[in-house]
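Asker: Protein chains in written order, with my numbering: chain H, 1 to 161; chain U, 1001 to 1446. The beta-carbon is built from N, C-alpha and C at its ideal position, and this holds for glycine as well. On a predicted model such as this, the values are computed, not experimentally measured, just so you know. For reference, the structure I am asking about is given below.
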């Protein structure tokens, strides 16, 4: 990994985000900036978190304790596409378990694992607030709704290209 | 009667021009130019609007608790951390019509005397955050946000804050901790946020739907809002309908329609999916007590149950439930109550922040015990053990997550004890794929 520094454009955005809060309360920018960091480097390595701490003039431990509390931040390397499926009640009622089992079989990995080619990681997550449109999974910002085994195959085919 | 979703299907209603053509932002002009902040609060009080996030606390009263010391900034924070299983109404409203929330934010911030406000959105909804930020920029460009809004002398800056994936941040003090860049551990109360909230300044935290309703109240008056609904359940409510119904989705209902109408009418859920029968409903998000078909449709006294705070809770937890967040999860006879209870218990186990021992340890035990019952390893004493653990969590934690975790387990056993017993007594049958307990003589097995 090359030196960890945001591109100039992102650094501008970081400045704007910090300006949303009163003077001295820049720590509030931690979650938004962790999201930017993860978008840039795919996961929150200790080096990335140290860099975020330096941007906000806070100690590294303040970043570690936050990044490890919130489930969206990956503390280990992940594949190119992280598939986060909702395992909570309503999605299960709509056949989620079968659909997600199919996904795991198709990719030959279990929850929390990454395919050998580094293309896909599967993660189990809690309710994604899309219960009426379940079963649901999310890949980055995009929600995939009303999933069926066939739909899962189509999505994986498309992303494998 | 639709207040929040009247124009939601108008093409491009997410753009400010279309929104304004449909009457949008008229409440901002009215409130800021013709009303004092106290007059706005007074209308909201008169409306009887109750917190739509789940607790149902009167919004106007919450506003009136806000401390107003000289020279100290006050904040309005919108709770858009919608994460309660079964609930997706705020997601829908912000995605389809972001300006509905922004208009409400301006009016409400004005009433509270806040000059900076935040919308805290769960981080998974990054695409909705982008929609909101675009809409906020449009509002700045039209002079509806920023300095001297519409020449009224009132200033307001509005920002969106992403969460990081934590149900607990829907609890208002955990949300404030999170907004300060910390772990989402709920605070001990008092002091309440109204006195010491964001950065120790007086703060009001309200749900998306509550804030969005305030613009209509400003435009039409609190009395007009209170005229909708029944008794202390005034106005309309967004209901997130999911599960085994013909038409899952978000519906805006006038409070007071019957549960039966809501489930079976074509205007709403359209009935149970073909060939199936209603078995149970979780009426207000995963944390409220599950009710079997006969008790959700009629109260223990034999009256038709209504979609109101009071009617749904009629009978207490013995025979009633709660309106909660309006996350309405419907189950037909194919649903296994043990499995569903396990999925909820796993959720609370995962989402407990770990601060209070009863919740941290208890949610783990309930998950573990339910897991073994579901997988054919249940023991006779497990059912009473679950009830006991649930009782020991309830009321013994800093925040309501403990209660939220214990109620669904206790209620499932209260109303479906025979189904748990069947799992324990007949593990060979219960663990067969697709096997579900059928109760002799129940309406859903006939």
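(1) Run down chain U in chain order and give the residues with a C-beta less than 7 Å from the C-beta of residue 141(H).
(2) Are the beta-carbon atoms belonging to residue 1059(U) and residue 1203(U) less than 9 Å from one another?
(3) Roughly how many angstroms lie between the CA atoms of residue 1352(U) and residue 1362(U), to the nearest whole one?
(4) Do the region 1001-1015 of chain U and the region 85-103 of chain H touch if we need at least three Cβ pairs shorter than 8 Å?
(5) Counting C-beta neighbours from all protein chains within 10 Å, is the total for residue 61(H) 16 or more, i.e. buried, or is it exposed?
(6) Listed from N- to C-terminal order along the chain, which residues in the region 111-130 of chain H have their beta-carbon within a distance smaller than 8 Å of any beta-carbon of chain U?
(7) Taking residue 34(H) and residue 67(H) to be in contact with their CB atoms under 8 Å, please state how far apart those CB atoms are, rounded to whole angstroms.
(8) What are the boundary residues of the alpha helix (DSSP H) that includes residue 1172(U)?
(9) Are the C-beta of residue 81(H) and some C-beta of chain U separated by less than 9 Å?
(10) Could you tell me which chain H residues have their CB closer than 9 Å to the CB of residue 1286(U), listed as they occur along the chain?
(11) What do you reckon, are the CB atoms on residue 1297(U) and residue 1280(U) nearer than 9 Å?
(12) Name the DSSP bridge partner or partners of residue 1243(U)?
(13) Of the choices 65(H), 17(H), 158(H), 6(H), whose alpha-carbon is the least far from that of residue 40(H)?
(14) To the nearest angstrom, report how far apart residue 1245(U) and residue 1301(U) are at their CA atoms.
(15) Should the region 119-128 of chain H be regarded as contacting the region 1021-1037 of chain U, the criterion being three or more beta carbon pairs within less than 8 Å?
(16) Identify the residues that DSSP records as bridge partners of residue 1237(U): which are they?
(17) Could you check which residue in 15(H), 139(H), 74(H) has the C-alpha nearest to that of residue 56(H)?
(18) Residues of the region 1234-1260 of chain U with a CB closer than 8 Å to any CB of chain H: list them in chain order, please.
(19) Tell me the residue span of the alpha helix (DSSP H) that contains residue 108(H).
(20) List, from N- to C-terminal side, the beta strand (DSSP E) runs of 3 residues or more that fit wholly inside the region 1313-1363 of chain U.
(21) CB-CB under 8 Å to residue 1131(U), same chain, minus the five flanking residues each way: which ones, in chain order?
(22) Any beta carbon of chain U sitting closer than 9 Å to that of residue 102(H)?
(23) What are the partner residues of residue 1161(U), as DSSP defines its beta bridges?
(24) Ignoring anything shorter than 4 residues, give me the alpha helix (DSSP H) runs that lie fully in the region 1031-1076 of chain U, in order along the chain.
(25) What residues from chain H crowd round residue 1183(U), counting only those whose CB sits closer than 7 Å?
(26) Looking at residue 1238(U): is its Cβ nearer than 9 Å to the Cβ of residue 1092(U)?
(27) According to DSSP, what are the bridge partners of residue 122(H)?
(28) Is the shortest distance between the beta-carbon of residue 61(H) and the beta-carbons of chain U less than 9 Å?
(29) In terms of residues, what are the limits of the beta strand (DSSP E) holding residue 138(H)?
(30) Is it buried or exposed for residue 1188(U), if we count other Cβ within 10 angstroms and need 16 for buried?
(31) With the cut-off set at 9 Å, would you say residue 1146(U) and residue 1157(U) are in Cβ contact?
(32) Determine the chain U residues that contact residue 46(H) at a beta-carbon separation under 8 Å, and present them in chain order.
(33) At what residue ranges does the region 4-90 of chain H contain a whole run of the alpha helix (DSSP H), taking only runs of 4 or more?
(34) Give me the residue from 1419(U), 1269(U), 1387(U) with the minimum Cα distance to residue 971(U).
(35) Using the C-alpha atoms, what's the distance from residue 126(H) back to residue 138(H)?
(36) Identify every residue that forms a DSSP beta bridge with residue 1258(U).
Answerer: Taking the definition as stated:
(1) If you number the first chain from 1, residue 141(H) lands on position 141. Within 7 Å Cβ-Cβ: 1126, 1127.
(2) Residue numbering aside, residue 1059(U) sits at position 59 when the second chain is read from its first letter. Residue numbering aside, residue 1203(U) sits at position 203 when the second chain is read from its first letter. No, they are not a contact pair.
(3) Indexing the second chain from 1 puts residue 1352(U) at position 352. Indexing the second chain from 1 puts residue 1362(U) at position 362. Distance between the alpha carbons of residue 1352(U) and residue 1362(U) is about 10 Å.
(4) The answer is no - the region 85-103 of chain H does not touch the region 1001-1015 of chain U, with fewer than three Cβ pairs under 8 Å.
(5) For this step, residue 61(H) is matched to residue 61 along the first chain. By the neighbour-count rule (16 or more Cβ atoms within 10 Å), residue 61(H) is not buried but exposed.
(6) Listed in sequence order: 125, 126, 127, 128, 129, 130.
(7) Looking up residue 34(H) in the first chain gives position 34. Looking up residue 67(H) in the first chain gives position 67. About 6 Å; that satisfies the 8 Å criterion.
(8) Residue numbering aside, residue 1172(U) sits at position 172 when the second chain is read from its first letter. Start and end: 1172-1179.
(9) If you number the first chain from 1, residue 81(H) lands on position 81. Chain U contact via Cβ: absent.
(10) Within the second chain, the letter at position 286 stands for residue 1286(U). For residue 1286(U), the C-beta contacts it makes with chain H under 9 Å involve 88, 89, 90, 127, in order along the chain.
(11) Walking along the second chain from the start, residue 1297(U) turns up at place 297. Walking along the second chain from the start, residue 1280(U) turns up at place 280. The answer is no: Cβ separation not under 9 Å.
(12) Numbered from its first residue, the second chain carries residue 1243(U) at position 243. Its beta-bridge partners are 1330(U).
(13) Counting from 1 along the first chain, the entry for residue 40(H) is found at position 40. Comparing Cα positions, the closest option is 6(H).
(14) Along the second chain, read from residue 1 onward, the residue named residue 1245(U) stands at position 245. Along the second chain, read from residue 1 onward, the residue named residue 1301(U) stands at position 301. Using only the alpha carbons, I get a separation of about 27 Å.
(15) These segments do not touch.
(16) Looking up residue 1237(U) in the second chain gives position 237. 1253(U).
(17) In the first chain, counting from the first residue as 1, residue 56(H) sits at position 56. Residue nearest to residue 56(H) within the set 15(H), 139(H), 74(H) is 15(H) (criterion: CA-CA distance).
(18) Those residues of the region 1234-1260 of chain U placed with their C-beta closer than 8 Å to a C-beta in chain H are 1240, 1241, 1242, 1243, 1244, 1248, 1249, 1250, ordered along the chain.
(19) Position 108 of the first chain, counted from the first residue, corresponds to residue 108(H). Per DSSP, residue 108(H) lies in no alpha helix (DSSP H) segment and is marked neither H nor E.
(20) For the region 1313-1363 of chain U, whole beta strand (DSSP E) runs of length 3 or above, ordered along the chain, are 1327-1332.
(21) For the purposes of this step, residue 1131(U) is identified with residue 131 of the second chain, where counting begins at 1. Within the same chain, and ignoring the five residues on either side of residue 1131(U) in sequence, the residues whose Cβ sits closer than 8 Å to its Cβ are 1014, 1094, 1095, 1098.
(22) On the first chain, position 102 is the one that residue 102(H) refers to. Chain U, which has no Cβ nearer than 9 Å to the Cβ of residue 102(H), makes this no.
(23) Stepping through the second chain from its first residue, residue 1161(U) is reached at position 161. BP columns for residue 1161(U) point to 1120(U).
(24) Those alpha helix (DSSP H) runs which fall completely within the region 1031-1076 of chain U and span 4+ residues are 1037-1047, 1059-1064.
(25) One-based indexing of the second chain puts residue 1183(U) at position 183. Ordered by position in chain H, the residues that pass the 7 Å Cβ test against residue 1183(U) are 65, 66, 69.
(26) Translated into the one-based positions of the second chain, residue 1238(U) becomes position 238. Translated into the one-based positions of the second chain, residue 1092(U) becomes position 92. If you check the CB distance, residue 1238(U) and residue 1092(U) come in under 9 Å.
(27) In the first chain, the residue the question calls residue 122(H) occupies position 122. DSSP output for residue 122(H) lists 83(H) as bridge partner(s).
(28) Numbered from its first residue, the first chain carries residue 61(H) at position 61. No, residue 61(H) does not count as interfacial toward chain U.
(29) Against the first chain, residue 138(H) aligns to sequence position 138. Under the DSSP assignment, residue 138(H) falls in the beta strand (DSSP E) whose first and last residues are 137-139.
(30) Counting from 1 along the second chain, the entry for residue 1188(U) is found at position 188. Exposed, since its Cβ has fewer than 16 Cβ neighbours within 10 Å.
(31) For the purposes of this step, residue 1146(U) is taken as the residue at position 146 of the second chain. For the purposes of this step, residue 1157(U) is taken as the residue at position 157 of the second chain. For residue 1146(U) and residue 1157(U), yes; Cβs fall inside 9 Å.
(32) Against the first chain, residue 46(H) aligns to sequence position 46. Here the premise fails: no neighbours, minimum Cβ distance about 18 Å.
(33) The alpha helix (DSSP H) runs lying completely inside the region 4-90 of chain H and spanning 4 residues or more are 8-18, 30-41, 46-56, 60-67, given in chain order.
(34) Given a span of 1001 to 1446 for chain U in the structure shown, any question on residue 971(U) remains unanswerable.
(35) Stepping through the first chain from its first residue, residue 138(H) is reached at position 138. Stepping through the first chain from its first residue, residue 126(H) is reached at position 126. Looking at the two C-alpha atoms, the distance is approximately 11 Å.
(36) The sequence position of residue 1258(U) within the second chain is 258, counting from 1. Bridge partners of residue 1258(U): 1306(U).
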